[in-house]
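J.:
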Amino acid sequence: MKAFTLNKTAAYCLSIISIFVIWEAAAHVVNSPLILPFPVEVFRVLLLLCRMASFWQHIGATFMRCFVSFILSVVLGTGIGILCGISSFFKNYFSFPLEIIRATPVVSFILLALFWFTSSQVPVFVSVLMTLPVMATSTVQGFSKKNSSLEAMAHVYSFTGKQTFRWITLPSVLPFFLSGAVSSFGLTWKVVAAGEVLSLPAKGIGTIMQTAQIHLETADVAAATFVIVVLSFGLEKLFASMVTRNTKQAGDSAL
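Quick note on the working numbering: the sequence shown kicks off at 51 and runs consecutively.
(1) How far does the alpha helix (DSSP H) with Arg101 in it extend, from its first residue to its last?
(2) Beta carbon of Ser137, beta carbon of Val184: below 8 Å?
(3) Which same chain residues end up closer than 6 Å to Gly131 when comparing Cβ atoms and leaving out the 5 residues on each side of it in sequence?
(4) Determine the burial state of Leu99: buried for a count of at least 16 other Cβ atoms within 10 Å of its Cβ, exposed for fewer.
(5) Output yes or no for whether 8 Å exceeds the beta carbon distance between Met180 and Leu122.
(6) For Glu326, which of helix, strand or coil comes out of DSSP?
(7) In terms of residues, what are the limits of the alpha helix (DSSP H) holding Leu155?
(8) Indicate the three-state DSSP secondary structure (helix, strand or coil) for Asn142 in the structure shown.
(9) What does a CB cutoff of less than 6 Å around Cys134 pick up in its chain, not counting 5 residues either side in sequence?
(10) To which residues of the same chain is Ile160 closer than 6 Å at the C-beta, ignoring the five residues directly before and after it?
(11) Starting from the Cα of Pro89, find the closest Cα among Asp270, Ala61 and Ser65 and give me that residue.
(12) Could you give the distance in angstroms between the alpha-carbon of Gln171 and the alpha-carbon of Gly192?
(13) Of all the options Leu162, Leu97, Pro83 and Val293, which has the alpha carbon lying nearest to the alpha carbon of Gln263?
(14) Going by other Cβ atoms of all chains shown within 10 Å of its Cβ, with 16 needed for buried, is His108 buried or exposed?
(15) Between the Cα of Arg295 and the Cα atoms of Val174, Pro225 and Ala274, which residue gives the shortest distance?
(16) Does the Cβ-Cβ distance between Ala252 and Pro87 come in under 8 Å?
(17) Apart from the five residues just before and just after Glu149, which ones in its own chain have a Cβ nearer than 6 Å to its Cβ?
(18) Less than 8 Å between the CB atoms is what I'm expecting for Thr112 and Val242, so what's the real figure, rounded?
(19) When you compare only the Cα positions, how much space is there between Lys240 and Asn57?
(20) Any idea what DSSP makes of Pro87, helix, strand or coil?
(21) Express the C-alpha separation of Phe165 and Ser291 in angstroms, rounding to a whole number.
(22) Whose C-beta lies closer than 6 Å to the C-beta of Gly256 among residues of the same chain, with five residues either side of it excluded?
(23) Identify which residue in Trp73, Val80 and Trp106 has its Cα closest to the Cα of Val92.
(24) Once the 5 residues before and after Ile258 are set aside, which same chain residues still bring their CB inside 6 Å of it?
(25) Is the separation between the beta-carbon of Leu182 and that of Leu126 shorter than 8 Å?
(26) Quick one: give me the first and last residue of the alpha helix (DSSP H) that Leu250 is part of.
So this is what it looks like as structure tokens:
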């Protein structure tokens, strides 16, 4: 196990180093900071941005939009998923709208939302809309995986509805719900950033990226993108780790 952990860590480190080596080599070949800035220049700009109070305000605004979007998508998506899981009518009713949302490019929803909402609300609306099918589908899958034998046993032993939900339905749905929540959490960052780039709210990392692009400041765009990647990747991994640990503890407690 220890050797496996070391090999995994070494592979991650080697992968990161390879990315920066390829980036550095490509920047030398292109030899145009406007098209592809050098890694050193991007990190220099990133350090300068980190020293600015306004930069952290932009990050805070994006974080709050992601947080609100995630909570709304979990609540609404789970609600729809439960309805679809317990009723075939609602499953058929919501099937077509959810498929339409999946099939529509996110940029189309962003452009339409610009007519309906303020610039700061657009990223939240679009993020909820795009992550809603993920949560709903994950919850429905949990209901479909319920053990019919256990349900029959619950009926024989005259379980109440509350007992059936606690000991049979919830354990079946929970893993799928948590998996959908992790996926939605990661997707939220990407959609919110895209929404900010096009809607240009007063504060937001996407606003920094779009403003820098207009002024042909490629290094600034890359630096802001790096921040989005680090936040999205890091927080998603942290959230997934918390979910896994809590799920394991709940399973051990049940045993």
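For glycine and all other residues, C-beta sits at the position ideal for the given N, C-alpha and C.
These numbers were taken from a predicted model, which means no experiment stands behind them.
T.: If we stick to the structure as given:
(1) Where Arg101 is concerned, there is no enclosing alpha helix (DSSP H), given that its DSSP letter is neither H nor E.
(2) no
(3) Excluding sequence neighbours, Gly131 sits near Ala186, Thr189 and Val190.
(4) If you draw a 10 Å sphere on the C-beta of Leu99, you find 16 or more other C-beta atoms in it, and that means buried.
(5) Their beta carbons are not under 8 Å apart, which means Met180 does not touch Leu122 by this criterion.
(6) For residue 326 there is no data in the structure shown, the boundaries of the chain being 51 and 305.
(7) In the sequence as displayed, the identity of residue 155 is Pro instead of Leu. Pro155 -> no alpha helix (DSSP H), and no H or E assigned at all.
(8) helix
(9) Excluding sequence neighbours, Cys134 sits near Phe140, Lys141, Phe144 and Val190.
(10) Apart from sequence neighbours up to five positions away, the residues of its chain that approach Ile160 with a beta-carbon distance below 6 Å are Val176, Gly245 and Leu248, ordered along the chain.
(11) Asp270
(12) Distance between the alpha carbons of Gln171 and Gly192 is about 32 Å.
(13) Pro83
(14) buried
(15) Pro225
(16) no
(17) The beta carbon of Glu149 is closer than 6 Å to none in its chain, skipping five residues each way along the sequence.
(18) 6 Å
(19) 30 Å
(20) In this structure, Pro87 counts as coil in the three-state DSSP scheme.
(21) 39 Å
(22) Ala243, Glu246 and Val247
(23) The option with the nearest alpha carbon to Val92 is Trp73.
(24) His108 and Ala274
(25) yes
(26) No alpha helix (DSSP H) holds Leu250; DSSP gives it neither H nor E.
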